[in-house]
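The block underneath contains the structure these notes are about, expressed in structure tokens.
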Amino acid sequence: MAQYETHTPAQLPERIRHYIDGEFVDSADGATFDVLNPVTNETYIQASAGKTADIDRAVAVAQRTFREGTWSQSLPRQRSKVLHRIADLVESRGDRLAELESFDTGLPITQALGQARRAAENFRFFADLIVAQADDTYKVPGRQINYVNRKPIGVAGLITPWNTPFMLESWKLGPALATGNSVVLKPAEFTPLSAGLWAGIFEEAGLPRGVFNLVNGIGEEAGDALVKHPEVPLISFTGESSTGQLIFANSAPHLKGLSMELGGKSPAIVFADADLEAAVNATIFGVFSLNGERCTAGSRILVERSVYDEFVERYAAQAERVKVGLPHEPETEVGALVHPEHFDKVMSYVEKGKSEGRLVAGGRRPEGYETGNFIAPTVFADVAPEASIFQEEIFGPVVAITAFDTEAEALELANNTKYGLAAYVWTNDLKRSHNFAQAVEAGMVWLNSNNVRDLRTPFGGVKASGLGHEGGYRSIDFYTDQQAVHINLGEVHNPVFGKAD
Ligand code: NAD
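If you count the sequence shown from 1, position 17 lands on 23 in the numbering used here, and the numbers rise without skipping.
Below is the structure:
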């Protein structure tokens, strides 16, 4: 039994169900799975466990609505209006959303609120972009005009992880719907609670029935059926690199369009000339916010040797002060990890780290939290590059710090993992910062900054961190076909075969 007073949101649904063709429904075979409260690890609700039959049904509905054209052929302005209404509704329900999200994921409530605001912003951004969108026309004087006819593709399969569920769903739903596709969403099984809110929001905003469909379930069942469905031509996936590899292989027979946002082990590189105070604050936030369950976490910190000891000392002291607490309490900075399986995985790295590095903070449960998925912010210094805690994604409040002597060595260390999602560089040397940014193997780089996103820029990773980039017009490109239409203006130019004598 849990030892704490947990906060359970009022008016939870009786069961988490699929949403297909505008109705909440159970699985065809009635199967369900347990959903746990991350603070107590007790089952708090059952969710419908979708399988092939449920995916087939959802895809058929999505396909029907796509062909009917009420949404897919509507004017961009019409779709934009609906998307703006969705953003307004998400914003107006921000508190409820954050409450459910924090309860289901264990994320601190203040950070869940931030995610709700970002979810609204994602819709607003694509609502604006879709009406500003212009496509290319090319003129060959006297001969041809060629233009791009952009079309939605059909049924988009959206598969999302548990770390910031509602926000990451919005990241895919926004552009997929803005461009006129119908969708089937398969949210992560650890955290299915908030996804159900989309149904009411979309209905109220005026999205035609059956354009959005939601099937809950286990990845290897519902997710797998969606990936293997022949009538789903594109899959947008966010999750682990190993799952991405499997989805890539399973999509191959159908040659599906794939967008993959995968894992990371992003470096934060601190040079001696950096503003150390800002660098410490940012790198603390960079790995301990969202419980460390953050794809772009700066989970490896590389520090120039002349400031290394000072940095480690300040960093460890500050990490010890980070407030671990119950997710619903406003002063909590690190809450409970999402699930006991994930807790065990993170703890196994904490144990390994004790022989791979020098433990300078955390490394245990925080005092007073003897049950549930709580881990004290954990810092290892002097970590060698071949250590598992330097190489592997832990996805929890655990960071590895390593010293370097030269810029060349810093670059080599930064690039020395299979991942390439983000990098953070701290230096006041202008030339060095740009040269380093250009050489580092990362899809996204921040110079003297934490992860602050501009929604117009490309989002995605290189190496094992992803395939393709979304963000801004790149998302529009992913969710549309760009057909080239060629118009002859002059004489018909072609050799005549079989000419009459
Ligand atoms: P996961 O790969 O275990 O699961 C992600 C989703 O895929 C879930 O909905 C799951 O049910 C589904 N799934 C699992 N197996 C499947 C299969 N065989 N076929 C189809 N679907 C399947 O990932 P997770 O543990 O939920 O999330 C954490 C991971 O996500 C971390 O590696 C993190 O870095 C990554 N992530 C990346 C980004 C990014 O933008 N790059 C953002 C957030 C999280």
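Just so you know, even glycine gets a beta-carbon here, dropped at the ideal spot from N, CA and C.
Keep in mind it's a predicted model, so treat the numbers as computed, not measured.
{"Query": "Classification of V502 by the beta-carbon crowding that lies within 10 angstroms, buried from 16 upward", "Result": "exposed"}
{"Query": "Inter-stretch contact (C-beta, 8 Å, three-pair minimum) for the segment 85 to 95 and the segment 122 to 139", "Result": "yes"}
{"Query": "Collapsed DSSP secondary structure at E246 in the structure displayed", "Result": "coil"}
{"Query": "C-beta atoms of P122 and F196 nearer than 8 Å", "Result": "Here residue 122 turns out to be Ala, not Pro, going by the sequence shown. Against a cut-off of 8 Å, the Cβ pair of F196 and A122 comes out as no contact."}
{"Query": "Residues near E105 in its chain [Cβ-Cβ closer than 6 Å; skip 5 each side]", "Result": "P15"}
{"Query": "Proximal residues to F131 (C-beta, below 6 Å), its chain only, five neighbours per side dropped", "Result": "L461"}
{"Query": "P198 beta carbon less than 8 Å from that of I22", "Result": "yes"}
{"Query": "Residues near M7 in its chain [Cβ-Cβ closer than 7 Å; skip 5 each side]", "Result": "Residue confidence for M7 is low, a pLDDT of 44 falling below 50, so the modelled location carries little weight and cannot support an answer."}
{"Query": "L282 beta carbon less than 8 Å from that of F317", "Result": "yes"}
{"Query": "Length-filtered (3 minimum) beta strand (DSSP E) runs lying within the segment 103 to 143", "Result": "none"}
{"Query": "Identity of the residues DSSP links to F465 by a beta bridge", "Result": "E476"}
{"Query": "Alpha carbon of Q52 to alpha carbon of G212, nearest angstrom", "Result": "29 Å"}
{"Query": "One or two residues paired with D40 in a DSSP bridge", "Result": "Q52"}
{"Query": "Alpha-carbon to alpha-carbon, A205 and V67", "Result": "15 Å"}
{"Query": "Residue ranges of each beta strand (DSSP E) within the segment 210 to 294, 3 or longer", "Result": "218 to 220, 240 to 244, 263 to 267 and 273 to 276"}
{"Query": "Three-way DSSP call (helix, strand, coil) for L164 in this model", "Result": "strand"}
{"Query": "Presumed contact (8 Å Cβ cut-off) between H475 and G496, rounded CB distance", "Result": "No, H475 and G496 are not in contact; Cβ-Cβ is about 39 Å, not under 8 Å."}
{"Query": "Bridge-paired residues (DSSP) for E497", "Result": "For E497, which the question treats as bridged, DSSP gives no partner whatsoever."}
{"Query": "N- and C-terminal bounds of the beta strand (DSSP E) containing P372", "Result": "Premise fails: P372 is in no beta strand (DSSP E) and is neither H nor E."}
{"Query": "Proximity below 8 Å, CB of F109 to CB of H13", "Result": "yes"}
{"Query": "T486 vs R73 beta-carbon contact at 8 Å", "Result": "no"}
{"Query": "Beta-carbon gap between K271 and E398 smaller than 8 Å", "Result": "yes"}
{"Query": "Secondary structure of L434, DSSP reduced to three states", "Result": "A quick correction: the sequence has Asn, not Leu, at residue 434. In this structure, N434 counts as coil in the three-state DSSP scheme."}
{"Query": "Under the three-state DSSP convention, the category V446 falls into", "Result": "coil"}
{"Query": "Cβ-Cβ distance between I275 and F442 below 8 Å", "Result": "yes"}
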